[in-house]
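In the numbering used here, the protein residues as written are 5 to 177.
Where is the CB? At the ideal position from N, CA and C, for every residue including glycine.
Everything numeric in this text was worked out from a predicted model, so none of it was measured.
Reviewing the structure listed below.
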């Protein structure tokens, strides 16, 4: 089933948002790097790569449905300088929440259009966003527990640095 024009535009908006999320995570990684928190920076860069994978999943869906996938205008990320580790991850959570709401809206649009073929993809993304928000929320909770304990922050930094980047290509089908 070919995507209708309205739904194609909504998927393209989501593609753009996923790329914007990647850039936001890259900027947050720079903030962590500037504080010598290389493990947090690595985690954030891996998350940036994952957002590109998400964009690619949406691109594949649009193309597979005989649509035209297009990346829209991406504004520079709204990430101030000098963020604390807590603020870095709070910004990450706020962006994940924005992406989650956009996916819910995309799901609603697909439902309204009677587009059953988008359900499997969108269900996967709904589950993925629950996981994304929970993971970042857990990191925030741990940073709050650590407080001003530098050694605790360095332990968390080392743990987050153990995340292995998966690359940017969609290997799941």
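With distances taken Cα to Cα, identify the nearest neighbour of residue i among the options.
i	options	result
residue 81	6, 15 and 34	34
residue 160	21, 97, 140 and 173	140
residue 68	145, 131 and 121	121
residue 166	132, 79 and 43	43
residue 75	21, 130 and 138	21
residue 83	126, 63, 153 and 24	24
residue 171	153, 119 and 26	26
In whole angstroms, give me the CA-to-CA distance for residue i and residue j.
i	j	result
residue 111	residue 10	13 Å
residue 87	residue 70	43 Å
residue 18	residue 53	16 Å
residue 73	residue 16	6 Å
residue 162	residue 104	28 Å
residue 168	residue 45	12 Å
residue 155	residue 58	35 Å
residue 98	residue 113	23 Å
residue 5	residue 55	26 Å
residue 13	residue 92	31 Å
For residue i, I'd like the list of residues in its chain whose CB is within less than 6 Å of its CB, leaving aside the five on either flank, ordered along the chain.
i	result
residue 7	69 and 71
residue 90	147
Measure the beta-carbon distance from residue i to residue j and round it to whole angstroms, keeping in mind my assumption that it falls under 8 Å.
i	j	result
residue 79	residue 136	With a Cβ gap of about 21 Å, residue 79 and residue 136 do not count as contacting.
Excluding five sequence neighbours on each side, which residues of the same chain lie with their C-beta closer than 8 Å to the C-beta of residue i?
i	result
residue 157	41, 89, 147 and 150
residue 94	144
Starting from the C-beta of residue i, find all residues in its chain whose C-beta is less than 7 Å away, skip the five residues before and the five after it, and write them out in chain order.
i	result
residue 129	107
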